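Undergrad:
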Ligand SMILES: *[C@@H]1O[C@H](CO)[C@@H](O)[C@H](O)[C@H]1NC(C)=O
Ligand SMILES: *[C@@H]1O[C@H](CO)[C@@H](O)[C@H](O)[C@H]1NC(C)=O
Ligand SMILES: *[C@@H]1O[C@H](CO)[C@@H](O)[C@H](O)[C@H]1NC(C)=O
Ligand SMILES: *[C@@H]1O[C@H](CO)[C@@H](O)[C@H](O)[C@H]1NC(C)=O
Ligand SMILES: *[C@@H]1O[C@H](CO)[C@@H](O)[C@H](O)[C@H]1NC(C)=O
Ligand SMILES: *[C@@H]1O[C@H](CO)[C@@H](O)[C@H](O)[C@H]1NC(C)=O
Ligand SMILES: *[C@@H]1O[C@H](CO)[C@@H](O)[C@H](O)[C@H]1NC(C)=O
Ligand SMILES: *[C@@H]1O[C@H](CO)[C@@H](O)[C@H](O)[C@H]1NC(C)=O
Ligand SMILES: *[C@@H]1O[C@H](CO)[C@@H](O)[C@H](O)[C@H]1NC(C)=O
Ligand SMILES: *[C@@H]1O[C@H](CO)[C@@H](O)[C@H](O)[C@H]1NC(C)=O
Ligand SMILES: *[C@@H]1O[C@H](CO)[C@@H](O)[C@H](O)[C@H]1NC(C)=O
Ligand SMILES: *[C@@H]1O[C@H](CO)[C@@H](O)[C@H](O)[C@H]1NC(C)=O
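Right under this line is the structure:
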């Protein structure tokens with residue numbers, strides 16, 4: 007197995023080096039900055055370090071044509087220039103947003119027709135703050151009422167250039183405070199994309215989640231910088247870094263995230279994902295779930311490896327969140343419970359935490375305050391083969407003396423949940439590795455001190 011994948015990767019690298027030479031003869035080097043690794047056509051698999059993806063990632067053939075996107079530069083809608091450049095350079099070209107230029111997007115763009123094309127974003131792209139227009143015209147993705155500014159999909163698309171995409175979120179944060187059923191657009195709608203590298207890129211002020219990655223596969227997210235807080239006392243909430251849904255074989259790495267909800271979230275039917283070397287600040291952790299939200303649906307999350315994460319000032323660190331078997335409400339715009347499915351083969355390996363409420367959190371009572379109800383209506387969603395290892399640092403003290411919770415809703419649904427090499431203390435320093443545990447096999451929970459709930 008290991009030999010086979012090494013051979014495949016070597017073959018991929020040699021192939022791409024050959025393609026790179028060819029690319030040089032037909033393509034002028036970019037004068038503004040070094041081409042990104044994706045542009046150079048290196049094997050994407052080799053860029054994934056230190057852990058390789060579950061399956062090798064395809065490489066991009068060289069791009070042989072360049073189109074520069076025009077702009078009014080005065081906040082008028084530049085969407086038509088973007089669409090025409092994409093159409094002109096699709097199938098083998100590169101679309102450049104120039105470094106010194108400012109682009110405005112005021113139209114919902116359907117970019118699911120892309121194939122073998124690069125978006126070299128060096129300039130600054132900002133969405134308009136017309137909340138009426140976007141609520142009416144954003145792409146409704148059904149799951150959790152997710153709505154996106156654009157939808158970008160197809161085959162073999164790279165987005166890089168280290169420019170900025172700005173969701174102009176303040177108007178949305180302010181409006182959400184007044185009406186929490188508004189449909190706030192997600193900044194990056196990656197819908198049905200198979201093959202590609204995204205990053206380096208800077209993402210700012212998303213009205214809601216930063217990425218919704220759905221129906222996609224074989225993607226690398228590398229060097230993404232996420233940030234942008236509210237400029238007043240209304241918080242920018244639900245600003246997850248990534249939500250992955252119905253997607254497989256994805257790597258997220260080398261990124262810095264400052265946000266106000268999950269840093270990365272593995273939503274229903276996410277399989278084969280590596281997350282490595284992230285710095286998350288202000289988040290709700292790296293989360294499997296929430297799952298089991300919709301009655302009658304089967305949610306699968308399988309084969310996830312999370313490595314070397316720095317988690318600061320967060321609600322959670324390593325987390326698995328499952329709705330109970332009874333209808334529950336987390337907030338006016340988020341309800342659920344009663345779904346089934348399975349979580350299997352999840353590893354959290356290496357996490358440094360500081361000021362985190364629950365550095366480790368496994369719950370099957372998500373969105374429900376009444377514990378009695380969770381016990382009366384246990385979730386049927388199974389959780390198996392989960393490893394929490396090498397997790398160190400200090401909690402916020404929010405649940406003193408506990409620094410973690412591993413609570414399953416019945417003895418039947420959780421199996422093979424392991425902890426090892428955990429050293430977590432609370433800010434007062436008095437207690438060490440104290441956890442609430444229930445309905446788990448405590449003999450597998452090495453190095454932690456389970457107290458009953
Ligand atoms: C994904 O694909 C399914 C099946 O084709 C489709 O029903 C759904 O609308 C697509 N998009 C999302 C976001 O699930
Ligand atoms: C979706 O929108 C509907 C209608 O506004 C609302 O009732 C529901 O709570 C929202 N949230 C979810 C998760 O479906
Ligand atoms: C990318 O852009 C950010 C913000 O402009 C800058 O701080 C960073 O140094 C840039 N990174 C690279 C690799 O050019
Ligand atoms: C929307 O943006 C414009 C400038 O582009 C600004 O004048 C206006 O105040 C903003 N509206 C809101 C509600 O933030
Ligand atoms: C938030 O700021 C507004 C305007 O400055 C003020 O009226 C309001 O009381 C503040 N709210 C809170 C909860 O601090
Ligand atoms: C980890 O990610 C940070 C932020 O992008 C980057 O500066 C650093 O080089 C990465 N480390 C490794 C080992 O790749
Ligand atoms: C997830 O996968 C399961 C098992 O294949 C399937 O039954 C279910 O319909 C899928 N759910 C979604 C939302 O695609
Ligand atoms: C782990 O992450 C830290 C901080 O982002 C980085 O400096 C370090 O190089 C990473 N180590 C490995 C082995 O990737
Ligand atoms: C479980 O995940 C690990 C990575 O953490 C992977 O190496 C292994 O192949 C996976 N197991 C199965 C049965 O897919
Ligand atoms: C919690 O649920 C139980 C069972 O339905 C009910 O008897 C009890 O009153 C509930 N407690 C609260 C505080 O609502
Ligand atoms: C708990 O795990 C130990 C060690 O693998 C095993 O011997 C024991 O049978 C397990 N207990 C239950 C109730 O599964
Ligand atoms: C476990 O934690 C409890 C509560 O803080 C404490 O009383 C007990 O001494 C701890 N046991 C060990 C072995 O650390």
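Numbering (this note's numbering), first residue to last: 7 to 459.
We put the beta carbon where it would ideally sit given N, CA and C, even for glycine.
Model, not experiment: these values are computed from the prediction.
1) So which residues put a beta carbon under 6 Å from any heavy atom of ligand 9, going in chain order?
2) Determine the direct distance from the alpha carbon of residue 252 to that of residue 384, and round the result to whole angstroms.
3) Could you check which residue in 278, 150, 275 and 314 has the C-alpha nearest to that of residue 340?
4) Mind the definition here: the stretch 56-68 touches the stretch 77-89 only if three or more C-beta pairs lie below 8 Å; say whether that holds.
5) For a quick check, are the C-beta atoms of residue 441 and residue 456 less than 8 Å apart?
6) So, do the stretch 273-281 and the stretch 318-331 have three or more beta carbon pairs nearer to each other than 8 Å?
7) Who are the near neighbours of residue 368 in its chain, counting only those whose CB is closer than 6 Å to its CB and skipping five residues on each side?
8) For residue 124, which residues from the same chain have a beta carbon less than 8 Å from its beta carbon, with the 5 sequence-adjacent residues on both sides left out?
9) Counting only runs that start and end within the stretch 305-348, where is the alpha helix (DSSP H) found for 4 or more residues in a row?
10) Identify every residue that forms a DSSP beta bridge with residue 386.
11) Compare the Cα-Cα distances from residue 388 to each of 105, 221, 395 and 414 and report the closest residue.
12) Out of 428, 363, 132 and 96, point me to the one whose CA is closest to residue 108's CA.
13) With respect to the alpha helix (DSSP H) encompassing residue 444, which residues constitute its N-terminal and C-terminal limits?
14) State the Cα-Cα distance for the pair residue 174 and residue 351, rounded to the nearest angstrom.
15) Could you check the C-alpha separation between residue 454 and residue 329 for me, to the nearest Å?
16) Please find out if some non-hydrogen atom of ligand 8 comes closer than 7 Å to the beta-carbon of residue 56.
17) Among 395, 267 and 379, whose alpha-carbon lies nearest the alpha-carbon of residue 232?
18) Going by Cα to Cα distance, which pick from 194, 398 and 256 is closest to residue 315?
19) For residue 78, I'd like the list of residues in its chain whose CB is within less than 7 Å of its CB, leaving aside the five on either flank, ordered along the chain.
20) For the alpha helix (DSSP H) containing residue 143, list its first residue and its last residue.
21) Grab the span of the alpha helix (DSSP H) containing residue 184 for me, first residue to last.
22) Along the chain, where does the alpha helix (DSSP H) that runs through residue 50 open and close?
TA: This is what the structure gives:
1) Here the list is 309, 311, 351 and 353.
2) The alpha-carbon atoms of residue 384 and residue 252 are separated by roughly 25 Å.
3) For residue 340, the closest alpha carbon among the candidates 278, 150, 275 and 314 is that of 150.
4) Touching, no.
5) Cβ atoms of residue 441 and residue 456: closer than 8 Å.
6) Here the stretch 273-281 does not lie against the stretch 318-331, with fewer than 3 beta-carbon pairs under 8 Å apart.
7) Short of 6 Å from the beta carbon of residue 368, and not among the five residues preceding or following it, lie these beta carbons of its own chain, in chain order: 326 and 412.
8) So the qualifying residues of the chain are 44, 45, 66, 69, 99, 100, 101, 163, 164, 165 and 166.
9) Within the stretch 305-348, complete alpha helix (DSSP H) segments of at least 4 residues are not found at all.
10) Under DSSP, no beta-bridge partner is assigned to residue 386.
11) Closest by alpha carbon: 414.
12) Put simply, of 428, 363, 132 and 96 the residue whose alpha carbon is nearest the alpha carbon of residue 108 is 132.
13) Counting along the chain, no alpha helix (DSSP H) covers residue 444; the unbroken beta strand (DSSP E) around it starts and ends at 440-444.
14) Distance between the alpha carbons of residue 174 and residue 351: 38 Å.
15) Cα to Cα, residue 454 sits roughly 25 Å from residue 329.
16) Distances between the C-beta of residue 56 and the heavy atoms of ligand 8 include at least one below 7 Å.
17) Sorting 395, 267 and 379 by C-alpha distance to the C-alpha of residue 232 places 267 at the top.
18) Among 194, 398 and 256, the Cα nearest to that of residue 315 is on 398.
19) Cβ neighbours of residue 78 beyond the five flanking positions: 84.
20) First-last of the alpha helix (DSSP H) with residue 143: 137-143.
21) Segment 176-184, the alpha helix (DSSP H) holding residue 184.
22) 50-53 is the extent of the alpha helix (DSSP H) around residue 50.
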